[in-house]
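From first to last, the protein sequence lines stand for chains C and B.
In terms of the working numbering, the first sequence has 672 at position 501, counting the first letter as 1, and numbering is strictly consecutive.
In terms of the working numbering, the second sequence has 140 at position 53, counting the first letter as 1, and numbering is strictly consecutive.
Notes for the one structure printed next.
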Amino acid sequence: MATTVQWKIKKNPTFTIALAGNPNSGKTTLFNAITGAHQHVGNYPGITVERKEGIINLKDVKIKLIDLPGTYSLSAYSDEELVARNFLVNEKPDIVVDIVDATMLERHLYLAIQFFEIGIPVILALNMMDDAKRQGLIIDTDKLAKLLNCPVVETVARSGRGKGHLIRTAVQHIKESGKTWKPIQISYGAEIDLVLDNMTEIIEEQQFMTDRYPARWIALKYLENDSEIIRYGKLNGKVAEQLEAIAQRTKEHCLKTLKVLPEAIISDYRYGLINSILKQDIVIQEKSRQERIDFTTKLDSLLVNRYIGPILMIAILYGMFQITFTVGEIPMGWLESLFGWISATATLLIPEGLLQSLVVSGIIDGVGGVMGFVPLIAIMFLMISFLEDSGYMARVAYMLDRVLRIFGLHGYSAMPFIISGGIAGGCAVPGVMATRTLRSPKEKLATLLTAPFMPCGAKLPVFMLLVAAFFTEHKAQMMFSITLFAWIMALLVAKLVRSTVIKGASTPFIMELPPYRLPTVRGIFIHTWERTWQYIKKAGTVILAVSILLWAAMTFPGLPTQQVNQYELERQAVSETTQGMTEQQALLEINNREGQAALRYSLAGKIGTSLEPLSRLAGFDWRTNIALVGGFAAKEVIVSTFGTAYSLGDVDPEAADTLSTRIAADPSWNKFTALAMIVFVLLYAPCVVTVVAIAKESSWGWATFATIFNTTLGFGMAVIIYQIGTKLFM
Amino acid sequence: MPKPLRQIISGEKAVVTAVTAEGEVGRRLRDMGLSPGTEIKILGRAPLKDPVSIRLRNYTLTLRNSEADFIMVEKVGE
Numbered sequence: 172m173a174t175t176v177q178w179k180i181k182k183n184p185t186f187t188i189a190l191a192g193n194p195n196s197g198k199t200t201l202f203n204a205i206t207g208a209h210q211h212v213g214n215y216p217g218i219t220v221e222r223k224e225g226i227i228n229l230k231d232v233k234i235k236l237i238d239l240p241g242t243y244s245l246s247a248y249s250d251e252e253l254v255a256r257n258f259l260v261n262e263k264p265d266i267v268v269d270i271v272d273a274t275m276l277e278r279h280l281y282l283a284i285q286f287f288e289i290g291i292p293v294i295l296a297l298n299m300m301d302d303a304k305r306q307g308l309i310i311d312t313d314k315l316a317k318l319l320n321c322p323v324v325e326t327v328a329r330s331g332r333g334k335g336h337l338i339r340t341a342v343q344h345i346k347e348s349g350k351t352w353k354p355i356q357i358s359y360g361a362e363i364d365l366v367l368d369n370m371t372e373i374i375e376e377q378q379f380m381t382d383r384y385p386a387r388w389i390a391l392k393y394l395e396n397d398s399e400i401i402r403y404g405k406l407n408g409k410v411a412e413q414l415e416a417i418a419q420r421t422k423e424h425c426l427k428t429l430k431v432l433p434e435a436i437i438s439d440y441r442y443g444l445i446n447s448i449l450k451q452d453i454v455i456q457e458k459s460r461q462e463r464i465d466f467t468t469k470l471d472s473l474l475v476n477r478y479i480g481p482i483l484m485i486a487i488l489y490g491m492f493q494i495t496f497t498v499g500e501i502p503m504g505w506l507e508s509l510f511g512w513i514s515a516t517a518t519l520l521i522p523e524g525l526l527q528s529l530v531v532s533g534i535i536d537g538v539g540g541v542m543g544f545v546p547l548i549a550i551m552f553l554m555i556s557f558l559e560d561s562g563y564m565a566r567v568a569y570m571l572d573r574v575l576r577i578f579g580l581h582g583y584s585a586m587p588f589i590i591s592g593g594i595a596g597g598c599a600v601p602g603v604m605a606t607r608t609l610r611s612p613k614e615k616l617a618t619l620l621t622a623p624f625m626p627c628g629a630k631l632p633v634f635m636l637l638v639a640a641f642f643t644e645h646k647a648q649m650m651f652s653i654t655l656f657a658w659i660m661a662l663l664v665a666k667l668v669r670s671t672v673i674k675g676a677s678t679p680f681i682m683e684l685p686p687y688r689l690p691t692v693r694g695i696f697i698h699t700w701e702r703t704w705q706y707i708k709k710a711g712t713v714i715l716a717v718s719i720l721l722w723a724a725m726t727f728p729g730l731p732t733q734q735v736n737q738y739e740l741e742r743q744a745v746s747e748t749t750q751g752m753t754e755q756q757a758l759l760e761i762n763n764r765e766g767q768a769a770l771r772y773s774l775a776g777k778i779g780t781s782l783e784p785l786s787r788l789a790g791f792d793w794r795t796n797i798a799l800v801g802g803f804a805a806k807e808v809i810v811s812t813f814g815t816a817y818s819l820g821d822v823d824p825e826a827a828d829t830l831s832t833r834i835a836a837d838p839s840w841n842k843f844t845a846l847a848m849i850v851f852v853l854l855y856a857p858c859v860v861t862v863v864a865i866a867k868e869s870s871w872g873w874a875t876f877a878t879i880f881n882t883t884l885g886f887g888m889a890v891i892i893y894q895i896g897t898k899l900f901m
Numbered sequence: 088m089p090k091p092l093r094q095i096i097s098g099e100k101a102v103v104t105a106v107t108a109e110g111e112v113g114r115r116l117r118d119m120g121l122s123p124g125t126e127i128k129i130l131g132r133a134p135l136k137d138p139v140s141i142r143l144r145n146y147t148l149t150l151r152n153s154e155a156d157f158i159m160v161e162k163v164g165e
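Encoded structure:
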């Protein structure tokens, strides 16, 4: 068997094809169309840019397809661009398939030109051909291919049209080009060319980094003042100084004679080259269709209108909030019944005792409580993915940039906030990961630290429980106020950290508003699934472990035999003296007291009790403390732990209604205790999974900071609310 | 007379004469297609008059006023 496999691999060579292109060029859609479900998502080493790979088996070759991050250029402006560039030089894929939007050839060819310059074998995928036709653009593909001296294949990524042809062309081109890099030489005008020739000669003579890059390309990057190449060059000997000096002289000369930077001249010549190619009747605009062109501009005149835009934005986000809860409730009910049934079955199958208690109260209730929220989370992410893929999220960033900037944030901070639960019901883990689009480490940090304040799907049940118990008449208003409060706190804290620990200027906001497009079903589902899966994984790993730990902490050590015997004696006494209903009630009362005593005696009870002197300031008793300590691990366990701690005896701890009436009736609770708890749960330490995500995106130092700072802030606010509330109004 | 992009009103058309930004911002602006000779049209501004959205090379770009200050333009028809 093993030999056959080996023989097969030998026979079929593996070709590596890298998909590159501008953001919104339909690159990921094409990648999904080609690879289907056979893809693997990982990270590039050291940074948090996603790396997607897929394998396809053709008749005579095996193809490894890499989806490079979307880039406008290879100028190393962003992490994505750096990743794309380093991937090309380090891993040397056999070919780059550059996906260009046929409706925006002028801008998209700018990247293609840079691939030609670095010399890697390239073919173009002329994507969005359907859009181009609709806009009345007639493109002479053959002529374009001839002028660019590279194969051009027409595609429509959404429908998958042209994908087979594209792959076959790529494979053929790999075979023909023999995988050799042939950098083209673009003229940048007599003066720059002369300098380039001079520098190229030095570079070739000294073999300065020529093992990695083509010589003329290195020279070009020095003139373009490319920080990455210059830094890398410094590690490679004295030649670097010589080249830097030439670049500096050229810069001074250009500024003196032409009043422009060399890098501006270089980019002008690139655009000049593109224009000179396109001018040769490559694109013809049908006059009759010109009117139809701009669906996007028309829609934008409404959706980003200065006055109507913000109103529509709030309406859209509020609509999502409504849909999530009304639609989400249905499958949530099913899952609840399913876990109820599993729990009942397990109770029947496993004999009474510690094992039953572990499986039913520990594992099934704990994990079930979390899994119950999967539909809610999935629907939320489905809608967020729709907004992202349709192009609307970019509009939200555009409209909110000025407001967010007041608080030291950036237009790009809007999305992490929304995903984290900014319209209630998200999750901070993907929210924290969404901060990757922020280029400035300072704005990113401020977003990272404040996004976990949002009312994520795990905090919601706590709020629903308390609102149902104490603010029955104003349920909707309360939920809305909580969300609003979260935003205000996030913005204020962002402002605070941005004017103290992470001071610094704001970074530029230069963003494309992509054309509105109806997202593909496949794209949305892949997107939603990736995020939902993270949530499910969390339930299966972290929450399972936490549930078991909490169960153990709330069970052990058990009451001393002496006390257990005491309760047993009481029960016997009751059984002998009373009968019927009175007996049942009396027994239940004794069981409850025993349960209470047992919980207080357990490890969790002891921790809760020891925290009580402090937590009393905010009105929290020892049972609340147990739930809140559990919530450090995962916010989902707060309600279930709360339930177990409060509903002792035979009451079903999972039924929120019963629990909320119980709490409402409990003398140690009032409106202000509830408010204090809501605020504390909203603000205190992010859950463990979020903390890990924060550490990954920044550092463990900042993750620890978030844990301590948020808890202190939450507790402080809770104490203020409880103290002022109870002193003034009760 | 060339003037900064910030001073152009919504709906007006102009031609880029120079991008004066250095370093990263300059590079990004050029990467996005803002080079001398490029025709642009101001589409509108965000609720608080900043950022601004412009149309060029058949696509829409948004940038803040502070970046728009680096872009010198000449109004079409002047």
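Heads up, the beta-carbon is just placed ideally off N, CA and C, and yes, glycines get one too.
Residues bridged to residue i by DSSP?
i         : result
Asp238(C) : Leu190(C) and Lys223(C)
Asn228(C) : Lys233(C)
Val91(B)  : It should be noted that the sequence gives Pro, not Val, for residue 91(B). Paired residue(s): Met159(B).
Gln210(C) : Gly225(C)
Val268(C) : Leu190(C) and Ile294(C)
Are the beta-carbon atoms of residue i and residue j separated by less than 8 Å?
i         : j         : result
Phe680(C) : Gly562(C) : no
Arg332(C) : Thr340(C) : no
Val160(B) : Thr107(B) : no
Lys334(C) : Leu201(C) : yes
Ala247(C) : Ala191(C) : no
Glu807(C) : Ala629(C) : yes
Tyr893(C) : Gly779(C) : no
Val232(C) : Pro184(C) : yes
Gly480(C) : Met570(C) : yes
Ala710(C) : Met542(C) : yes
Arg278(C) : Gly120(B) : yes
Pro138(B) : Asp471(C) : no
Leu619(C) : Thr608(C) : no
Gly113(B) : Phe157(B) : yes
Pro292(C) : Ile266(C) : yes
State buried or exposed for residue i, treating a residue as buried only when at least 16 other CB atoms are found within 10 Å of its CB.
i         : result
Asp823(C) : Unreliable placement is indicated for Asp823(C), whose pLDDT of 45 sits below 50; the coordinate value is still reported in the next sentence. Per the 10 Å Cβ criterion, exposed.
Asp560(C) : buried
Gln306(C) : buried
Asp478(C) : Checking the displayed sequence, the identity of residue 478(C) turns out to be Tyr instead of Asp. The residue in question, Tyr478(C), is exposed, as its Cβ has fewer than 16 Cβ neighbours within 10 Å.
Pro626(C) : buried
Trp178(C) : Unreliable placement is indicated for Trp178(C), whose pLDDT of 46 sits below 50; the coordinate value is still reported in the next sentence. Classification of Trp178(C): exposed, given that the 10 Å Cβ count is below 16.
Gln343(C) : exposed
Can you pull the chain B neighbours of residue i, defined as C-beta to C-beta under 9 Å?
i         : result
Val852(C) : Chain B residues near Val852(C): none, gap ~33 Å exceeds 9 Å.
Met725(C) : The contacting residues do not exist; Met725(C) stays about 51 Å from chain B at best.
Comparing alpha-carbon positions, which option in the options lies nearest residue i?
i         : options                                       : result
Glu252(C) : Glu412(C), Lys392(C), Met901(C) and Asn193(C) : Asn193(C)
Gln737(C) : Pro728(C), Phe492(C), Lys708(C) and Ala769(C) : Ala769(C)
Phe186(C) : Ser249(C), Ala204(C) and Val268(C)            : Val268(C)
Asp452(C) : Thr780(C), Leu315(C), Leu853(C) and Gly751(C) : Leu315(C)
Gly579(C) : Leu619(C), Ala676(C) and Leu636(C)            : Ala676(C)
Gly241(C) : Gly197(C), Ile363(C) and Met848(C)            : Gly197(C)
Asn446(C) : Pro626(C), Ala390(C) and Leu280(C)            : Leu280(C)
Thr495(C) : Ser438(C), Ile550(C), Glu412(C) and Lys450(C) : Ile550(C)
Leu547(C) : Thr516(C), Ser514(C), Trp505(C) and Leu520(C) : Trp505(C)
Residues of chain C with a CB under 8 Å from the CB of residue i: which are they?
i         : result
Asp156(B) : Residues of chain C passing the Cβ test: none, with the nearest at roughly 11 Å.
Met119(B) : Tyr243, Arg278, Ile681 and Glu683
Gly113(B) : Leu432, Glu434 and Ala435
Val106(B) : Ala435
Glu109(B) : Leu432
Can you name the residues of chain C whose CB is closer than 9 Å to the CB of residue i?
i        : result
Arg93(B) : By Cβ distance, chain C contributes nothing, its closest Cβ being about 14 Å from Arg93(B), past 9 Å.
Can you name the residues of chain B whose CB is closer than 8 Å to the CB of residue i?
i         : result
Thr468(C) : Leu130, Arg142 and Thr147
Is the shortest distance between the beta-carbon of residue i and the beta-carbons of chain D less than 8 Å?
i         : result
Asp250(C) : Here the protein chains are C and B, and chain D is not one of them.
Less than 7 Å between the CB of residue i and some heavy atom of the ligand HEM, yes or no?
i         : result
Ser472(C) : Of ligands this structure carries none, so the ligand HEM is not represented either.
Since residue i meets chain C, which of its residues come closer than 7 Å, beta carbon to beta carbon?
i         : result
Pro123(B) : Asp439
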